[in-house]
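A short worksheet on the structure shown next.
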Amino acid sequence: MIYIHWTLLALYFLIVIGTMVAVLMDNRQPVKTIAWLLVLWFLPVLGIILYFFFGQNTRKERLISQRSLDQLTKRSMLEYTVQENLRLPEGQRPLMRLFANQSLSLPFKDNRVDIYTDGYQFVSGLLAAIGSAQDHIHLETYIIEDDALGRLIADALIDKARAGVEVRLIYDNVGCWNVKSKFFERMRDGGIDVHSFMPVKFPAFTSKVNYRNHRKLCVVDGKIGFIGGMNIALRYVKGMRHQGWRDTHLRVEGSGVYAIQRAFLIDWYFVDRTLITSRKYYPEINKDICNDCIMQVVTSSPITQWPDIMQGYVRILLQAKKYVYMETPYFLPTEPILFALRTAALAGVDVRLMIPEHGDAKLVEWASRSYVFEVAEAGVSVYYYKGEFNHSKLLVSDDSICTCGSTNVDFRSFENNFESNAFFYDEDMALRMKNVYLEDEKLCVPLKKLKNINHRPFGERLWESLIRLLSPLM
């Protein structure tokens with residue numbers, strides 16, 4: 000019996016050492032590598048389980064072939080897109096080329112954009128768009144709850160499906176873990192084509208539980224698009240059963256809808272293995288919309304070669320001359336983002352960071368504190384949003400560029416999740432987004448005025464530093 004004990008122990012250590020070698024050979028960022036090595040060594044058995052579920056690197060996998068991506072882009076969108084008098088702003092061309100070269104995220108002019116800053120605006124806009132649908136509705140969301148709001152949206156979609164409109168829905172399997180299958184079966188019975196994104200099934204897809212589709216997209220008839228940070232759940236609507244969250248979402252009309260459509264159809268191919276390339280999904284744009292509001296929809300994921308959105312944030316920070324204002328609900332920056340924030344602030348750029356005073360995850364809030372003080376020491380002005388939870392994800396710089404989408408300033412969004420952001424290269428749009436930020440700032444307290452945070456006891460600061468070691472895994 001004693002030999003069996005030592006044999007099992009030796010086998011376990013071989014597995015641990017083999018896993019640690021695999022982590023080293025992935026050549027990830029040193030801080031992430033060290034974090035996983037610590038977890039594997041100091042958390043017996045649990046460390047291996049955590050790595051199996053959350054640690055495996057998928058960036059080198061090709062879950063969608065390049066040939067399929069080409070078909071979804073070159074054989075569809077590019078054939079139908081004609082942009083006259085497209086003039087790219089000189090100062091933003093390197094960033095636009097970066098996105099275009101890496102993932103064919105093309106810039107589109109002639110866009111009309113509504114900015115939603117609360118759930119009522121978003122829900123009413125979404126329901127109105129759904130009600131106007133004549134041909135198809137494509138909806139993709141991280142969360143759609145089986146609550147009053149989720150059922151309202153589901154009913155609207157079912158009504159349209161029964162009227163002959165094509166309705167496709169993608170929801171994230173982990174984001175909707177608490178939603179019973181009968182909620183989605185009812186929609187399927189109503190004629191909606193529903194797919195769960197990367198369902199976690201033992202053992203085949205268990206290792207993919209860490210890589211989730213966090214995108215929030217909607218396209219109606221190829222003419223109206225939505226992109227931003229709002230899920231479909233009551234907590235996003237103020238004044239209802241939940242307290243309500245502050246968030247930002249966009250409604251788009253114009254040629255930029257083509258880019259949102261492409262992002263959805265790529266994800267649809269991922270879940271359904273159906274190539275949808277018909278001209279009807281890229282209809283002619285309303286001729287009344289004619290302006291120089293240029294928009295790029297940029298997606299990033301753990302299976303692309305480069306972290307596109309993170310690289311975009313870094314470039315914006317490093318090229319900024321006057322200011323960069325940012326809002327994020329979670330602040331666990333990767334090393335490139337941390338470096339760019341410190342560099343911009345030390346160069347005299349007015350860098351402002353807005354985060355919630357109290358998060359919805361205590362562990363993340365603790366881990367975030369040391370990063371907050373690090374950037375503040377370099378000159379970043381940190382503001383804590385009081386009251387409701389601020390789930391907004393936006394950035395605006397130099398009255399010339401802004402972005403809004405699903406991406407948080409944390410390891411998970413930049414490296415592990417499937418995310419989408421709309422980038423705008425237009426002074427009017429940047430000024431509107433800047434005004435959104437400044438209105439939010441009126442409801443904030445500067446970091447330097449929060450005595451309970453600035454004068455924390457040694458034990459609390461030590462605990463935050465220890466939790467920070469795990470931030471690449473959160």
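Position 289 of the sequence shown, counting from 1, maps to 288 under numbering that gives the first Met the number 0, and the rest follow consecutively.
Just so it is clear, CB atoms sit at the ideal spot from N, CA and C, and this is done for glycine as well.
- Taking all protein chains shown into account, THR402 has 16 or more neighbouring C-beta atoms within 10 Å of its C-beta and is therefore buried.
- A residue is called buried once 16 or more other Cβ atoms fall within 10 Å of its Cβ, and LYS215 is buried on that count.
- For SER104 against VAL251, the beta-carbon gap comes to about 15 Å, at or over 8 Å, which does not count as contact.
- Here the stretch 222-235 lies against the stretch 392-407, with 3 or more beta-carbon pairs under 8 Å apart.
- With contacts defined by Cβ atoms closer than 9 Å, ILE354 and PRO328 form a contacting pair.
- Distance from the CA atom of ILE284 to the CA atom of VAL164, rounded to whole angstroms, is 20 Å.
- Look at VAL122 here: in three-state DSSP terms it is helix.
- When the alpha-carbon of VAL218 is set against those of PHE182, SER195, LEU264, the nearest one is in LEU264.
- Three or more pairs of CB atoms, one per stretch, sit closer than 8 Å, so the stretch 88-103 contacts the stretch 305-312.
- Measuring C-alpha to C-alpha distances from ARG150 to each of ASN172, VAL173, HIS135, LYS179 identifies LYS179 as the nearest.
- Taking C-beta atoms as the reference points, GLY224 and ILE169 fail to come closer than 9 Å.
- The three-state reading of DSSP puts ARG211 in coil, since its state is none of H, G, I, E or B.
- Around the beta carbon of GLN295, 16 or more other beta carbons lie within 10 angstroms, which makes this residue buried.
- Ranked by how close their Cα comes to the Cα of VAL374, the residues PHE330, ASN84, TYR141, ASP271 have PHE330 in first place.
- In terms of Cα proximity to ILE143, the closest of ARG278, HIS194, ASP117, HIS357 is HIS194.
- In the DSSP assignment, GLY227 forms a beta bridge with HIS248.
- In the three-state reduction of the DSSP assignment, SER405 falls in the coil class.
- Counting of Cβ neighbours within 10 angstroms places ALA153 among the buried residues, the total reaching 16 or more.
- Contact check for GLY190 against ARG161 passes: the beta carbons are separated by less than 9 Å.
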